[in-house]
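Below: one structure, written as structure tokens.
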Amino acid sequence: MSIEQITGRYLCVEVAGRQQRIYFEEAGQGRPVLCLHTAGSDTRQWRHILNDPEITAENRIIAFDMPWHGKSLPPEGFMTQEYLLTTEAYMETVLAVIRGLGLERPVLAGVSMGGRIALQLAVHHPEVFSGFLAIEASDFQPAWYDIDWFHRPDAHGGEMGAALVSTNISPYAPEAERANTMWMFMQSGPGVFRGDLSFYTQDDSLVGALHRIDTAKTPVHFIVGAYDFTCTPDDARRTAAQVAGATLSVMEEVGHFPMSEHPAGFRPFFIEGLARMPKAEIGA
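Take a look at the structure:
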């Protein structure tokens, strides 16, 4: 029998004039590293990193469920509205969590849509962060599928999402973690995956803006899986080439959900990425 080192709590913040009760998990001490989950999933994707004693010995790893995801309930009155994530709401939510937890210039590690918003924040709010890990991240990825399939009365959105996800997981991923990754998507709330994909596949506001990132002040490191065909290595390279001074690593045996689908394959690249970020300030 064992008890994991992860601690879970709730943070109440205001986003766009509405109260949000946001669930977050954390472990470790030292430099704060704020981790963002992918579309349609939640903080459970980061459980292996949160439970890694070597990583948490010098890093305070924090991951939170976006509103509508995991243990973070939708805002009051959600039954009468359609969930469609926007860049502005996403950035405001991340910034509200940082303020609410009193984090001093954390490293931001985002995957997929989390990687996209990390790049947006690197453009618009770099002063809040010490660096960025943009994982499975690109400037824009138009949908090659109909996102409305993920919220229809004649289809199970969670199972549809899991089916899509299954094609984007590396064949090297352990079977148990492949199943766990898909299970998280099966549990997604009605319309949530669709609402996230609306942001991911339709908001192209980052295109043409990446040159504004100053990596001398806030370094940006891209990490991408060779088996990711939603954001391919070529997509990541194209995006990184627009950020002067950015660095990039390709994980040869990993797909689109690295921290969840193939924790052992992702771990050395995450550690390498953290090593590229500024150390915690003394006394911080």
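Residues in the sequence shown are numbered consecutively from 1, following UniProt numbering. Just so it is clear, CB atoms sit at the ideal spot from N, CA and C, and this is done for glycine as well.
Here's the rule I'm using: 16 or more other beta-carbon atoms within 10 Å means buried, otherwise exposed. How should residue i be labelled?
i	result
THR7	exposed
TRP68	buried
ALA275	exposed
ILE3	exposed
TYR10	exposed
GLU26	buried
ALA284	At ALA284 the pLDDT is 46, less than 50, meaning the model places this residue with poor confidence; the figure from the coordinates comes in the next sentence. Exposed.
VAL94	buried
ARG116	buried
ASP196	buried
ILE282	Because ILE282 sits at a pLDDT of 48, beneath the cut-off of 50, its placement in the model cannot be relied upon, and the point is left open.
PRO126	buried
GLY245	exposed
MET184	buried
GLY77	exposed
PHE81	As written in the sequence, residue 81 is Gln, which differs from the Phe given in the question. Classification of GLN81: exposed, given that the 10 Å Cβ count is below 16.
ASP228	buried
residue 286	The shown model of the chain, from 1 to 284, leaves out residue 286, and the question about it has no answer.
THR167	exposed
GLN45	buried
ARG105	buried
Cα-Cα, which of the options is closest to residue i?
i	options	result
HIS156	MET66, ARG194 and VAL13	ARG194
TRP144	THR87, CYS231 and GLY110	CYS231
PRO233	GLU177, LEU11 and SER112	SER112
ALA118	PRO268, THR218 and LYS71	THR218
ASN59	ARG47, ALA244, VAL107 and GLY208	VAL107
VAL13	HIS48, LEU34 and SER72	SER72
GLU253	ALA264, VAL243, ALA246 and ALA244	ALA264
LEU103	ILE61, PHE266 and MET251	ILE61
THR87	PRO142, THR181 and GLY114	GLY114
PRO190	HIS37, PRO32, GLY70 and GLU54	GLY70
VAL243	HIS211, VAL165 and HIS262	HIS211
PRO53	GLY28, LEU34, ASP65 and PRO74	GLY28
THR215	TYR200, ALA122 and ILE22	ALA122
GLU261	VAL224, PHE64 and THR181	THR181
ASP65	ILE49, TYR23 and ASN51	TYR23
PHE269	PHE150, ILE55 and GLU175	ILE55
Could you pull the DSSP bridge partners for residue i from this structure?
i	result
HIS221	LEU133 and THR247
ILE117	The partner list for ILE117 (beta bridge, DSSP) is empty, contrary to what the question assumes.
GLU253	Paired residue(s): none; GLU253 is not in a bridge.
VAL111	ILE135
TYR23	TYR10
ASN59	ARG31
PHE64	PHE24
Is the distance from the Cβ of residue i to the Cβ of residue j below 8 angstroms?
i	j	result
PHE222	ALA236	yes
GLY40	SER249	no
SER138	THR239	yes
PRO278	SER170	no
GLY30	ALA241	no
residue 298	ALA134	Since the displayed the chain opens at 1 and closes at 284, residue 298 lies outside it and no answer follows.
PHE140	LEU206	yes
VAL192	TYR83	yes
ALA226	MET186	no
LEU36	ALA109	yes
Please check if any C-beta of chain E sits within less than 8 angstroms of the C-beta of residue i.
i	result
GLU272	Absent here is chain E; the protein component of the structure consists of one chain.
To test your reading of the DSSP string, which unbroken alpha helix (DSSP H) runs of 4 or more residues are found completely within the region 145-227? Listed in chain order, the complete alpha helix (DSSP H) runs (minimum 4 residues) inside the region 145-227 are 157-166, 175-186 and 192-202.
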